[in-house]
Structures are given as structure tokens and as C-alpha cells.
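Before any comments, here is the structure.
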Amino acid sequence: MRNREAKRHEHAGSIMILGVFLGLFGGHPAAWRHPDAPSAKAYTDLSLYVEFARQLEAEKLDLLFLADVPAIREGNMDALRRFSAYMMQLEPLTLLSGIAASTSRIGLAATMSTSFSEPYNLARQFASLDHLSNGRSAWNLVTTSSSAASLNFGSKTQVPHADRYRQAREFAHVVCRLWDGWDADAVVGDREQGILFDPSKIRRAEHAGEFYNVRGPLNIPRPPQDRPLIIQAGGSEAGKDLAAEISDIVFSAEPNKERASAFYRDLKGRLARFGRNPSDLKILYQLTPIVCQSKHEAEDRRLRLESLLHISVAREILSFDLGGVDLSDLPDDEPIPAHRIPSDTAGGKTYLEIIRSISSGATLQDVAHRYAASRGGLTLVGQAEEIADEMEAWISSESADGFMIGFSSVPDDWPAFRDMLLPELRRRGLVKSEYTGRTLREHLGLTEVAAIKSGSALWTN
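Put into C-alpha cells, the structure is as follows:
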């Protein structure tokens, strides 16, 4: 105990960031079947999302997060009809705008793909959300490999993986220039002189690049955060380089501290090449906490969800993240042959590496069930003190700056997290007890960004 307390004192001030995946049921594909889950109509009920967001805010959690893919998932429809992947989803920015009106401090993060958006529209949408929320918006930048999504946007071919990140880099730079186009004092509001805004303090983007030609400027004043936060989850070399250059937060999934530590050192080590400090980028890992008074109780909860998971669903999720590899000919009670796991997919290597790490010596059914439950991220099962010990170890060893919490089942896991684990983390001084700063950027202690003042002013007098 003395060593643990000494270690804790050594890392005093290492406050972890806690985000939460916003879902009413839970991340487990069978969570909607839980007897205490709301009805299927809840997927589109704003009042329930608002209520959950208010509960998260009452506990001073840092941000809520909405994932998104602009398409249905293609595949085995007998399996797909049994869970909500890509289906039953409200458009994220619309939903977060509704939540913004009923909350005041929690961060609001939404996914939007550079593959199927335009820089001007995206910059305008997130600037608007930043104003509506008084400085709480964050953009989760993704590139999309889904062929189903591609067909929804008039394109029959996908941009190659390497080109997608080059396109994403240009996209992000255009967005930042658009956000930077208004000086903070461009809005004058001088009633006596009849001057609403100063056009000499508003600049065009005037971008002409490989993928985009954008004149600008935005027709909306500078966002309260100057720039909404940029989040990214890329695990490829190109993705990590892009994150090191432009992201404020990186979200990843690693099943153990050793892998997380290697990822953390790698990514933080890239920042200097872009003139950034290690503190300029926060790295969060997916965490599924199953908190109970005893391990026996926690294991019972996990097994109850597993019993509700149809094997066809588990197989479909595994097959999808293997890049569509057909596993239908393999028996459930034997391991997956190594040659059936590809070396790479259009979606990148992160999921493949996780699948390989949990496949050694395990049967296909065991791998499919384990992977489907959290898609390979960290799952901690046990008492609050045990889970807090592990979370603290990740922070104190400089393997993580925080966690993105995904509840397997919201009816079971959110109350237990709130009532048992959060108080233990507060007791140890590992989480904030109050919101700080004026905006999400300030609350998370992220560096203010210097505006790119390029492009011509609208008018010079």
C-alpha cells in the first residue's frame, strides 16, 4: 500500500480525461435485448438522449461522443437484422444541437467523414455547434472505407487508403483556415455608426489544392473555441502522422497496457516534427468497465449479455473487421487458421492486430464473442478499487491521458460506474470534481491554437 500511495503522490495532478460513447442501450450488440433497456423507439427519442447527457454532465464527465457511418452495413442480413450497427442512428450534429440546448458544460463530439463531406459545409456546421454550445464542440475526423457509403454519394469507386489520408489532411487544413477567417473582434455591432462587422478583419481562405478549391470565408463569426477540437482514431502510419500534425485528441482501442504504452510513446514522439509539445495531444483508450461488488456478480452480468448475443452476430462483426473475410465454413469450436486473417484491410490495421492478439489458442466462437463485446478494446471486470487501480496504472505509467467509456449495457453499467467507480476515482484525485475553463478546450487544458491569418481581407479601407 505504501508503494502505491507513493506512486500516486508522484503523479499527483495526473487528471484523466473521461469521455463516454453516447448510446441509450450500450455498446454490446445484444444490449438492446437487455430486459431493462428502453424500447426500440428510444433510438430516435431526443428526450432520452438529453436525459442521459444531463446525467453525464452532473457527474462532471468531460465529453460525450457520437460515432457515425453514413450508410447501412452490407453483409449477412440474417445477422444484421439482430443488432443496430449503422442502423437506427440520428444524424450526429442534429442530435448534438438538441443536446446543446439542454446542457451547459459537457463536451459534444460528433463524427463526420472527410470522404463524403465538403470542407466549407463541415467548417460551418461545427462552428455553428460551437456557438450554440458556447464552445463545446469537437469534430471526430474519419476517413471512410465503406463501399455502401460511397454508393450513397454518387461515387462508384473508393479513394485508395493512402490517398484518403492525403485528402483528409488537405480537408482539415481548409477547415482550420475557414475557422480562422474571422478575427475575434470582427463583429463590431456599433449601432451609432451603423457598422455591424469589420470586413478588414475577415479573410478569405483562397485555397486551391489537389482535392479542394475553396474561396471562403465562412458567413459565421469565429467559434468561441477559435477552433473546435479535432479528434482522430487512425492507427495506420498515415493516420498517426495526421493526428500528430492536427489533432487535439486521439482515441484508440488497445487490449492491454503494453500495447497502449507503445502506441502512446510512438504518437507523442511524432509531435515534435510538427512543432508541437506532448501536452498538445491527449490520447484516450476505449474502456468497457463492468463494475460490481464482486467478480462473481460482474461475471454474471457479462455472461448474461453473452447469452443474448446470437452467434451469427458475433461472426458478422468479426468478419466485417477482418475486411469481409468469409468465416462461414469454419467450425465454432476450432481456432481461426492464421492464413484466414489478412495482413491489411481498407479499414486499416488496428482491428486486425487486436484480433490476432486475442486469437492465439482460442476457438472461433470464443474470439467472436470476446471481440464483438468491445471490438478488442480494454475490458475491466471487477470491484471499483480493482478497476481504478488498473486505470491509474495506465495514467501513471504514461500510457494514457484518459479513457473513452463504452458501457456494455447502459441499464447495468452506467449506474455502477456512477455510484461505485467514479467516487473511487475522485477519492484518488484522478478525475475533476468540477468543470474548469470557459470552453471544452480550456477545460481539457489544451493549448490555444494560433490563427492562420492567410488570404485576403474582404475589404481594406
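Following this note's numbering, the numbering of the sequence shown begins with 24 at its first residue and continues without gaps.
Don't be surprised by glycine CBs; every beta carbon is placed ideally from N, CA and C.
Between the beta-carbon of D436 and that of G42 there is about 15 Å, and that puts the pair past the 8 Å contact cut. Contact between the stretch 78-94 and the stretch 166-180 is present, with at least three C-beta pairs closer than 8 Å. Check the Cα spacing between L290 and each of S342, Y109 and G257: the tightest is with G257. The beta carbon of R325 is closer than 8 Å to those of I313, A396, V404 and S431 in its chain, skipping five residues each way along the sequence. The beta carbon of E413 lies closer than 7 Å to those of L403 in the same chain, with the five residues before and after it left out. The beta carbons of N163 and F44 sit no closer together than 8 Å. By the C-beta criterion, the stretch 439-452 is judged not to be in contact with the stretch 62-73, since fewer than 3 inter-stretch pairs fall below 8 Å.
Short of 7 Å from the beta carbon of S120, and not among the five residues preceding or following it, lie these beta carbons of its own chain, in chain order: L152 and L155.
Annotation: the stretch 217-289 contains the following complete segments of the beta strand (DSSP E) (minimum length 3 residues), in chain order: 218-220, 252-255 and 272-275. Between A161 and P301, the gap from beta carbon to beta carbon reaches 8 Å or more. Just so you know, the alpha carbons of K263 and N157 end up roughly 30 Å apart.
Within the model, the alpha-carbon separation for P115 versus A207 is close to 28 Å. Here I218 is exposed. Its C-beta has fewer than 16 other C-beta atoms within 10 Å.
At least 8 Å separates the beta-carbon of P244 from that of W482.
Between the stretch 74-87 and the stretch 117-137 there are three or more C-beta pairs closer than 8 Å, enough to call the two in contact. When beta bridges are read from the DSSP output, I428 appears opposite V43 and L310. If you draw a straight line from the Cα of I378 to the Cα of P240, it comes to about 45 Å. For A102, the number of other beta carbons within 10 angstroms of its own is at least 16, and it is reported as buried.
Within the DSSP bridge table, the entry for G130 names L86 as partners. With distances taken between CA atoms, F139 lies nearest to F234 out of R299, F234 and G298. Annotation: W205 is outside any alpha helix (DSSP H) and is labelled neither H nor E by DSSP. Here DSSP, grouped into helix, strand and coil, assigns W482 to coil. Cβ contact annotation for Q190 (same chain, cutoff 7 Å, sequence separation greater than five): T137, V182 and F234, in chain order. R214 counts as exposed, since fewer than 16 other beta carbons sit within 10 angstroms of its beta carbon.
Here the alpha carbon of D367 sits roughly 22 Å from the alpha carbon of G384. Residue pairing from DSSP places G405 in a beta bridge opposite V314. Out of R192, P58 and G46, the CA that lies nearest to the CA of R327 is found in P58.
For K305, the pairing in a beta bridge is given by DSSP as I272. In summary, H466 is buried, with 16 or more beta-carbon neighbours lying within 10 Å of its beta-carbon over all protein chains present. Rounded to whole angstroms, the separation of the alpha carbons of L469 and I40 is 12 Å.
At least 8 Å separates the beta-carbon of R105 from that of V433. Membership of S160 in any alpha helix (DSSP H) is not indicated; the residue belongs instead to the beta strand (DSSP E) covering S160 to V165. The beta carbon of K224 sits closer than 8 Å to the beta carbons of W205, D206, D208, A209 and A480 from its chain, once the five residues preceding and following it are set aside; these are given in chain order. Excluding its 5 nearest sequence neighbours in each direction, D344 has C-beta neighbours in its own chain below 6 Å: Y374, listed in chain order.
Beta bridge pairing from DSSP links S136 with V165.
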